[in-house]
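S.K.:
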Amino acid sequence: MSRFVDLTLSTVLLTGLYATMAYGLGLIYGVLRVVNLAHGGVIMTGAYLGWILYVRLGIDPYLTIPIVGAICFGLGVAMYSGLVRWLPRGAAGGPASLLLLFGVWLVLRNVAYGLFTGNDQAILTSYSTRSVAVLGLHVPLTRLVVLGIGLAIAALLHLLLRRTLVGRAIRAVAQNADSCTLVGIDVNRIYMLTFGIGTALSGIAGVLLATVFPFNPNAGAPELLKSFVVVVLGGLGSVWGIALAALVLAAAETYAVLIMPSYLTAAVGFVLLVLVLVLRPGGFFGHRILA
Amino acid sequence: MTPPPLLPRRMAGAFALGCAVLAVLPALDLSPYAHNQLTLSYVMIAGALAWNWMGGFVGQVSFGHAAMFGVGAFVAGRLMLDGLPAPLCWLAGGAVAGLFTLPVHPTLRLRGPYFSIATIGIGEVSRVVFTYWEGFTGGATGLSLPVTAVQKYQLYWWALALAAMVALASIVIRRSSFGLRLLAIKADVDAAADVGISAALYQDVMFALSGAVIGVSGGIFASYFVFIEPGDMFGFDRSIAFVLMAVIGGVGTSLGPALGAVVFVVLRTQLLASYPELHLGLYGVLVIVIILFQPLGITGLLGSLARALARRMQRRIFGRPRRTPPPAPGEA
């Protein structure tokens, strides 16, 4: 029984991280129809940025989030206006955009190697090992904070997309870019902004990841896969659909230890992806685009 | 009207001549370094061309071909340890690697980014599973294969034969009506379905064929390196290598990836020797530049160079093209 409670708790605590990871990928895919293959690389970059700000400047890792977000926003804007913008759209642009962003990933990986070597790093603060009692259980403090920040980000993103003019423009462009040009929305600018926001979210996810797990320049492939699973599972319907999908993935991964050796949990996300694509190609929670 | 021949006589002749020259090279006092680079290039040429069958001909970019590479290598390795003759082991490895794609693929039949990311999953899952399956792969300690120095030297010709066969197959596929159907699928799945081409079926067939060839090249690669270890053979970097070779050489061209493989092997050796910390990033920059400016890689570059040269020659022989009226006689 206590094991069951433990696993449920781990599930809930993982959800915030997975959801934040998936928003970055999902937003860009939903609006630009481009899968950001550099997503894993940006997460890794965010982790290193948070780490270096903490180690060198002594800023609390959770306070680095706005800084890392801003830097990654700039990175995303640069990636869009320097690279992605010049690709053909539609079917012809598919493999090209994948390969292009894959190139960006390799560059990010190499830069991290060059600057920080291939060693594992982790953000260790004075409170990293502290835990708080929740319902009589010891919960690691960092994990709880990550969950809280994940929820806050989901709420902010929801507000941005639903309540602001920019958010409305983003949703409109996602639905029909040509009509947007007709009513005077600068589609290219919205694409650039969306790519920036998406990349910023990936970077923030990186900081969150770094406060909970160790990382190195090779990190990224499993994160990309997991984010994609969540996006496919949740569809591009809403911010909360993705949060729910993140919960499903976290639950599947956590409870998997009951029936299989722990090293195989890496396969859970992949199996889930296959199942979803076979059963419900549109995602389980609707596939309207962030509407 | 008869269709054009699958392999025009002149092309076949040039191809045979090229292979013959390469086959007698070792007799001409080739340095061990060149011998090594060429052998490795042949193995990688086969792999890159096979990746291109999927990534270039069908347009399905795979980031998980290391799975088939590893399966081929370890099946071949196990059989060699059981004392079977090496070529038989490689073929068996290739067959198993080809079959390995089947249970994965029909359940997916994905397109575009869905396929690509699912292949990352295939790669990661196989790496984990085979690393922990110690009875088969030897786990983290790996396998040492019974290959003598003489056999290793002879791998040059085996690898060359494989590369030649795969190159020939690439040309034939590209020029056949089968290849045209693949091109139709790549251009527009729905339109292809409308004229009766089953994208799913062709995709399965090409994935299996591509996997089988990669498996055979994995087996030869394993024999050449004698020692293999699942973390490396199934690693993400191996999958990446196939993508890079094809992109550098020219995705979708029939023989471009072969050029890419040679460049990749030589560049890799040079970079790992002098700037080990730079080699991935350099490929990344290369990929970005290629996709933005010359999507057909080296092949495209050579093509435009050849065209420019031809224009120049034409100008030399026939004078400037008459866009402006010729100068009046006596003026010059």
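Chains as they are written, first to last, in this note's numbering: chain A, 30 to 320; chain B, 9 to 340. The beta-carbon is built from N, C-alpha and C at its ideal position, and this holds for glycine as well.
Quick check: the Cα distance between B/L190 and B/Y122, rounded to an integer number of angstroms?
M.R.: Whole-angstrom Cα-Cα distance: 19 angstroms.
S.K.: Counting pairs of Cβ atoms below 8 angstroms between the stretch 39 to 54 of chain A and the stretch 172 to 186 of chain A, do you hit three or more?
M.R.: The stretch 39 to 54 of chain A, when compared against the stretch 172 to 186 of chain A, does touch it at the 8 angstroms Cβ threshold.
S.K.: For B/F250, which three-state DSSP category applies?
M.R.: Helix at B/F250.
S.K.: Pick helix, strand or coil for A/A120, following the three-state DSSP scheme.
M.R.: For A/A120, the predicted model reports a pLDDT of 48, less than 50, meaning its position is unreliable; a value from the coordinates is still stated below. Of the three classes helix, strand and coil, the one that applies to A/A120 here is coil, per DSSP.
S.K.: Taking the alpha carbon of A/L36 as the point to measure from, which residue in A/L276, A/V97 and A/L308 has its own alpha carbon closest?
M.R.: Here the closest residue by C-alpha is A/L276.
S.K.: Where do the N-terminal and C-terminal ends of the alpha helix (DSSP H) with B/A171 fall, by residue?
M.R.: First-last of the alpha helix (DSSP H) with B/A171: A157 to R183.
S.K.: Below 8 angstroms on C-beta distance, what does A/R138 contact in chain B?
M.R.: Correct list: L288, G289 and G292.
S.K.: Could you give the DSSP three-state label for B/A287: helix, strand or coil?
M.R.: It is His, not Ala, that sits at residue 287 of chain B in the sequence shown. Helix at B/H287.
S.K.: Rounded C-beta distance between B/H73 and B/S225? I'm assuming under 8 angstroms.
M.R.: Actually they are not in contact, since the Cβ atoms of B/H73 and B/S225 sit about 10 angstroms apart, beyond 8 angstroms.
S.K.: A/Q150 bridges to which residues according to DSSP?
M.R.: According to DSSP, which records beta bridges pairwise, A/Q150 is partnered with A/F244.
S.K.: Is there at least one Cβ from chain B nearer than 8 angstroms to A/F244's Cβ?
M.R.: Not closer than 8 angstroms to any Cβ of chain B, the Cβ of A/F244 fails to qualify, so no.
S.K.: Using a Cβ-Cβ cut-off of less than 7 angstroms, list which residues of the stretch 294 to 316 of chain B approach chain A; keep chain order.
M.R.: Within the stretch 294 to 316 of chain B, the qualifying residues are V295, I296, I299, L300 and P303.
S.K.: Tell me whether the beta-carbon of B/S152 lies closer than 8 angstroms to the beta-carbon of B/V69.
M.R.: It is not a contact, given that the beta carbons lie outside the stated cut-off.
S.K.: Would you mind listing the beta strand (DSSP E) stretches within the stretch 206 to 290 of chain B that are 3+ residues and don't spill past its ends, in chain order?
M.R.: Qualifying beta strand (DSSP E) stretches: none in this window.
S.K.: Note down the Cα distance separating B/S218 from B/W61, rounded to an integer number of angstroms.
M.R.: Taking the straight line from one Cα to the other gives about 6 angstroms.
S.K.: Between which two residues does the beta strand (DSSP E) containing B/P111 stretch?
M.R.: Here B/P111 belongs to no beta strand (DSSP E); instead the alpha helix (DSSP H) covers A94 to V112.
S.K.: Using DSSP with H/G/I as helix, E/B as strand and the rest coil, what is B/A195?
M.R.: B/A195: helix per DSSP, three-state reduction.
S.K.: Please name the residues in the stretch 94 to 127 of chain B whose beta-carbon is closer than 8 angstroms to at least one beta-carbon of chain C, in chain order.
M.R.: The structure shown contains no chain C; its protein chains are A and B.
S.K.: Apart from the five residues just before and just after B/G243, which ones in its own chain have a Cβ nearer than 7 angstroms to its Cβ?
M.R.: The answer, listed in chain order, is A74 and R135.
S.K.: What are the complete alpha helix (DSSP H) segments, minimum 4 residues, inside the stretch 246 to 292 of chain A?
M.R.: With a minimum length of 4 residues, the continuous alpha helix (DSSP H) runs that stay inside the stretch 246 to 292 of chain A are 250 to 263 and 268 to 284.
S.K.: With distances taken between CB atoms, is the gap from A/L61 to A/V260 smaller than 8 angstroms?
M.R.: No. Outside cutoff.
S.K.: Contact criterion: CB-CB distance below 8 angstroms. Does B/V224 meet it with respect to chain A?
M.R.: No, because no Cβ of chain A sits closer than 8 angstroms to the Cβ of B/V224.
S.K.: By alpha-carbon positions, which one of B/I325, B/G227, B/A207 and B/L310 ends up nearest to B/L170?
M.R.: Taking only the C-alpha atoms, the option nearest B/L170 is B/G227.
S.K.: Quick one: grab the DSSP three-state call for A/N160.
M.R.: It is worth fixing the name first, because residue 160 of chain A is Ser in this sequence and not Asn. A/S160 falls in the strand class under three-state DSSP.
S.K.: Name the chain B residues whose beta carbon is nearer than 8 angstroms to that of A/F299?
M.R.: Chain B residues near A/F299: A126, G129, I130, E132 and V133.
S.K.: Give the residues from the stretch 61 to 95 of chain B that approach chain A closer than 7 angstroms (Cβ to any Cβ), ordered along the chain.
M.R.: So the list reads G67 and V69, given in the order they occur along the chain.
S.K.: Could you say which of A/L194, A/G105, A/S31 and A/S155 lies nearest to A/L166 if we only look at CA atoms?
M.R.: The shortest C-alpha separation from A/L166 is found at A/S31.
S.K.: Just reading off the alpha helix (DSSP H) that A/V174 is part of, what are its end residues?
M.R.: Per DSSP, A/V174 belongs to the alpha helix (DSSP H) from L170 to R192.
S.K.: So the alpha helix (DSSP H) A/F33 belongs to, where does it begin and stop?
M.R.: Residues S31 to L61.
S.K.: Taking the continuous alpha helix (DSSP H) assigned at B/R18, which residues delimit it?
M.R.: Taken as a continuous stretch (DSSP letters only), the alpha helix (DSSP H) holding B/R18 covers R17 to V32.
S.K.: Could you check if A/W115 is buried or exposed, using at least 16 other CB atoms within 10 Å of its CB as the buried criterion?
M.R.: A/W115 comes out exposed.
S.K.: Just by C-beta distance, which residues in the stretch 229 to 258 of chain B are closer than 8 angstroms to chain A?
M.R.: Listed by position, the residues of the stretch 229 to 258 of chain B near chain A (Cβ gap below 8 angstroms) are F244, I248, V251 and V255.
S.K.: Using a C-beta to C-beta distance shorter than 8 angstroms, which residues of chain A count as neighbours of B/V136?
M.R.: In chain order: Y292, L293, A295 and A296.
S.K.: With DSSP as the reference, label B/S70 as helix, strand or coil.
M.R.: Of the three classes helix, strand and coil, the one that applies to B/S70 here is coil, per DSSP.
S.K.: Whole-angstrom Cβ separation of B/Y164 and B/H43, contact assumed at under 8 angstroms?
M.R.: Yes, B/Y164 and B/H43 are in contact; Cβ-Cβ is about 6 angstroms, under 8 angstroms.
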